[in-house]
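So for the sequence shown, our numbering puts the first residue at 12; every next one is plus one.
We treat Cβ as the ideally placed atom computed from N, Cα and C, and that holds for glycine.
This report refers to the structure that appears directly beneath it.
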Amino acid sequence: MKGPLRVHYDEEADFLEISVGKPTKCCATEVEPGVFIRVDEVTGDIKSVGVLSFKKRSKRMKDIVLQLPVEVNFSRKQSLSKAV
């Protein structure tokens, strides 16, 4: 998962979605009741994770574990420091 991380919460639907990168054409799969992943149809990359009934589940937040690859890009920070 590469790109900007976006977090969206719909309070009325009690739905939390965490997505990465630009939106692409995806297929959604329910990996457990009320938890969905969206996978890019071309690359197979996971693009987002969605959780229904998020507030109800938040009491059990320690039970929700997501392992995401993390990539850090310091090129912008370096170019800003060179400009100063």
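If you compare alpha carbons, which of the options is closest to residue i?
| i | options | result |
| --- | --- | --- |
| D56 | L27, L63 and I48 | I48 |
| G32 | T54, L63, F65 and R17 | R17 |
| E43 | D25, K66 and V62 | V62 |
| V38 | G45, L27 and T54 | A small fix is needed here, since residue 38 is Cys in this sequence, not Val. If we check each option's Cα against that of C38, T54 comes out closest. |
If you measure between the beta carbons of residue i and residue j, is that distance less than 7 Å?
| i | j | result |
| --- | --- | --- |
| S69 | S30 | no |
| T40 | D51 | no |
Please classify residue i as buried or exposed, where buried requires at least 16 neighbouring CB atoms within 10 angstroms.
| i | result |
| --- | --- |
| G14 | exposed |
Contact defined as beta carbons within less than 8 Å: I believe residue i pairs with residue j. What is the distance between those atoms, to the nearest angstrom?
| i | j | result |
| --- | --- | --- |
| D21 | S64 | Rounded, the Cβ-Cβ distance is 12 Å, inconsistent with contact. |
Would you mind listing the beta strand (DSSP E) stretches within the segment 31 to 71 that are 3+ residues and don't spill past its ends, in chain order? 37 to 43, 46 to 51 and 57 to 63
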